[in-house]
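Heads up: the sequence shown at position 72 corresponds to 72 in the UniProt record's numbering, and the numbers run straight through without jumps.
Even for Gly, the Cβ is constructed at its ideal location relative to N, Cα and C.
Here is the structure we will look at, set down as structure tokens.
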Amino acid sequence: MTCASCVARVEKRLNRVPGARATVNLALETAHVDVTATDDAPAPTAEALVAAVQAAGYDAHPLTRPGAHAPAAHDPHAHPGTDGHAGEHGADHGGHDDLAHALSGMQHAGMEHDPEDDTSAPDDTRGTDLRRRLRVAAVLTVPVLVLSMVPATQFRGWQWLVAALALPVATWAAWPFHRAAYRAARHGASTMDTLVSIGVVAATAWSLWALLLGGAGELGMRMTPTLFPAAGAGHGTAMPELYFEVAAVVTTFLLAGRYAEHRSRRRAGDALRALLDLGAKDVALLVTGPDGRRVERRVPVGRLAVGDEFAVRPGEKIATDGVVVSGTSAVDTSLLTGEPVPVDVGPGDEVTGATLNTGGHLVVRASRVGEETRLAQIGRLVARAQTGKAPVQRLADRISAVFVPVVLVIALGTLVVWLATGGGVQAAFTAAVAVLIIACPCALGLATPTALLVGTGRGAQLGILIKGPEILEQTRRVDTVVLDKTGTVTAGRMALVDVVPAAGEDAHEVHRLAAAVEQLSEHPVARAIAATPTPPTSARAQSSSRAGEAAVTSDVAVGADGVAIGADEVREFRADAGRGVSGVVRTAHSGLALARRVLVGRLGWLDEQGVRTDDVADAVAAAEADGATAVVAAWDGRARGVLVLRDPVKPTSTGAIAELRALGLRPVLLTGDNRGAALATARTVGIAEEDVVAQVMPDEKVAVVERLQAGGARVAMVGDGVNDAAALATADLGLAMGTGTDVAIEAADLTLVRGDLASAPQAIRLSGRTLRIIRQNLFWAFAYNVAAIPLAALGLLNPMIAGAAMAFSSVLVVTNSLRLRRFT
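So this is what it looks like as structure tokens:
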């Protein structure tokens, strides 16, 4: 499919099938079809849907069929946006027996698949082909243009060289336009490709006739651009003009625009492919050996079935959704929740596929596989949001159904009227060609790509990436900005922000001893405590030479006995996964050694260890009420202090949100974190309490965005994680932090490369400015056509001048676009 008219034709045909409701996605080249069975007629089959697509002039194959299980999420050929079970959408259609299909691979029927067939589909081969054609056309067009437009360069026989150079451009380089125009004509339709193809063919055919039969091939002939055809220079009015340069210039400029469009569109499906790559590729399946013992067998994750048990070692991804059978660990669920604090799991706890096991060894029983997993569900949300978002059609494509036929009728009418009034064949054909050439939409084709290229180039300098022209439409009326908390407003990682000592204790001592023990743990909270800069007198880590031991030491002198003065040495380290750690800390100072068993962990775990925690209970409760993570350090049977950790707000977030408010936008904080942490962050950056939505899962984030939209809001979403991907795709405008996941970046419309929220208001302003430039370009391009076509039809415009005017309109469009380079 090459343009919006293709989408309209396929949708029209599919929606004519009884019981079918289709949405066609041009970028993904898929159709999502909700199929409803009624009392009067059964649900249409996949074959009937394919037949409808073929009737529109294309071909397709089903990704899911009625009653068939949809492809598993690990299948590289699967489309996560499909549903394969009867009745899955029954709630949406009053309980009817519904099926959802996906049709893919749409290309013109009756032809072998050829990468050159479609100049804009998301395929690297097509992009390479367009680039090759553009390069050849550009090299050949430059001398053609110079020789044709500058009489001083016209040597003896110049016209024959121009013909030799222009013919490959008008035929081979312009072949994608000719092919698209032919196919549209076969099905009774017309697009901008139709006008391009007719204009190029007409200019080339007339020039060849003039060169071979009309006398323009005489050696020594010169061609001077004139305003009126009747005032032709050179060999008088009987000498026909050559229009090779018009055919070459139109082809080259339009190829440049098509290639720029292709580069942005071909990335449209990357979010879905990135989602598939997140999951584990293989799994340690537990099977019973011949001797009755259970052994691990490494198998592809696609072989997992519900009920299978598999092992997950520390540092591995969990292969699929399941329930922990044995083992305890801390699981990094930031993939789904976006929150930096890992979740402690043990026997009976549910775990999610593609999350990371950071601690102990787990045995998991699979409860959901393939398309039923949480990861696949997020993939479906992204695909459904992308498919449901109607393609924003460029103004040129929207009116092409009227503009192109009208131009063709005017050109034909001009030819007939001139012949009927005795104007002569050459004058009639010259006027008709002038109409086609002056109407040839070179400026229309350049209006969007040039502004987009300049805007995106300037945006890249500012750390802002704009995906494509269609998203610019969404910036005009955006009035609400939904902000993900973790990684967007905050840093996205835990940091030690406070140490609250018990009565009579020293905060420095509490932190020093806790850091000494936590240095040996791999838990993210432990790493945050150990990595936090400490006072100059505190200790730092030093490796022990004995297995199972380590030391934490400061830059101090070493005594005569070889013992570091002021060193903390940790022995007998123990870790209770997800609950706490302990170790004997030996401090040597002035030749004396003091050993203490230090415990660092959750309050409840310390109570189980017989530690008295009354002195710190209030401090723990206050920290947790404020959304922070509280860890208690204890020794000698008593809690000595509380270490408070939280995800700190980025330094630029407060100013960025103030600027968003200045642009008239309402900020809303949306997070999967607890409400206490969300409110603490909101207070810091100046977001109202009523605009805070906390403890939401990925699908609930989508619901929040849709609820705001249903209330009349135009929503921009700013996020960075996989859990934000579906919401980014659902929002009217999606902005992803460049420091986030690839899935979020691909699902968003704008990417903030620096990962700085301060780029968000700047991105919205740049996007709006670029849209205004595009609209100005389109206006001048159409105004030029409307004004010039009557002059050409009346024979008052030489096609040579029409070509120059067409080129000038392109220069005007490009110059207007270049104003974006000054954006700040």
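Taking residue i as the reference, which of the options has the closest Cα?
| i | options | result |
| --- | --- | --- |
| residue 484 | 423, 667, 314 and 43 | 667 |
| residue 42 | 56, 30 and 17 | 17 |
| residue 759 | 686, 768 and 656 | 656 |
| residue 594 | 600, 602, 601 and 585 | 585 |
| residue 797 | 716, 529, 427 and 200 | 427 |
| residue 820 | 357, 659, 164 and 459 | 459 |
| residue 523 | 360, 223 and 652 | 360 |
| residue 486 | 720, 208 and 187 | 720 |
| residue 752 | 357, 463, 315 and 575 | 463 |
| residue 805 | 466, 788, 136 and 520 | 788 |
| residue 494 | 466, 532 and 214 | 532 |
| residue 184 | 778, 659, 425 and 1 | 1 |
| residue 328 | 674, 224, 350 and 344 | 344 |
| residue 747 | 756, 754 and 730 | 730 |
| residue 600 | 622, 630, 757 and 8 | 630 |
| residue 818 | 152, 452, 56 and 351 | 452 |
| residue 153 | 200, 213 and 224 | 224 |
| residue 315 | 188, 305 and 354 | 354 |
| residue 203 | 48, 188, 171 and 186 | 171 |
| residue 814 | 781, 208, 677 and 57 | 781 |
| residue 414 | 205, 794 and 15 | 794 |
| residue 627 | 598, 609, 672 and 665 | 672 |
| residue 295 | 710, 303, 306 and 310 | 310 |
Give a yes or no on whether the minimum CB-CB distance between residue i and chain D is below 8 Å.
| i | result |
| --- | --- |
| residue 51 | Included in the structure is just one protein chain, with no chain D present. |
Apart from the five residues just before and just after residue i, which ones in its own chain have a Cβ nearer than 6 Å to its Cβ?
| i | result |
| --- | --- |
| residue 6 | none |
| residue 687 | 667 and 669 |
| residue 197 | 177, 178 and 181 |
| residue 616 | 502, 632, 639 and 642 |
| residue 498 | 644 |
| residue 368 | 321 |
| residue 390 | Because the pLDDT of residue 390 is 35, which lies under 50, any placement of that residue in the model is unreliable, and the number read from its coordinates should be weighed accordingly. There are no such residues. |
From the DSSP secondary-structure annotation, give me the bridge partner or partners of residue i.
| i | result |
| --- | --- |
| residue 418 | According to DSSP, which records beta bridges pairwise, residue 418 is partnered with nothing at all. |
| residue 310 | 285 and 364 |
| residue 603 | Paired residue(s): none; residue 603 is not in a bridge. |
| residue 322 | 351 and 366 |
| residue 296 | 286 |
| residue 356 | 317 and 332 |
| residue 571 | 584 |
| residue 681 | Paired residue(s): none; residue 681 is not in a bridge. |
| residue 466 | 750 |
| residue 501 | 641 |
Apart from the five residues just before and just after residue i, which ones in its own chain have a Cβ nearer than 7 Å to its Cβ?
| i | result |
| --- | --- |
| residue 613 | 603, 606, 607, 632 and 639 |
| residue 475 | 733, 764, 767, 768 and 771 |
| residue 685 | 489, 649, 653, 654 and 657 |
| residue 220 | 156 |
| residue 138 | 252 |
| residue 347 | 324, 325 and 326 |
| residue 575 | 521 and 581 |
| residue 705 | 482, 715, 717, 727, 730 and 731 |
| residue 216 | 159, 210, 239, 240 and 242 |
| residue 812 | 780 |
Apart from the five residues on each side of it in sequence, which residues of its chain come closer than 8 Å, Cβ to Cβ, to residue i?
| i | result |
| --- | --- |
| residue 11 | 22, 23, 24 and 31 |
| residue 301 | 74, 279, 280, 281, 282, 283, 319 and 320 |
| residue 405 | 190 |
| residue 776 | 816 |
| residue 131 | 259 |
Is it true that the CB of residue j sits closer than 8 Å to the CB of residue i?
| i | j | result |
| --- | --- | --- |
| residue 516 | residue 645 | no |
| residue 173 | residue 255 | yes |
| residue 250 | residue 145 | no |
| residue 643 | residue 511 | yes |
| residue 501 | residue 641 | yes |
| residue 140 | residue 169 | yes |
| residue 366 | residue 308 | yes |
| residue 437 | residue 246 | yes |
| residue 778 | residue 447 | yes |
| residue 492 | residue 647 | yes |
| residue 663 | residue 466 | no |
| residue 611 | residue 634 | yes |
**OP:** Tell me the start and end of each unbroken alpha helix (DSSP H) in the region 602-658 that is at least 4 residues and wholly inside, in chain order.
**Re:** 603-608 and 617-625
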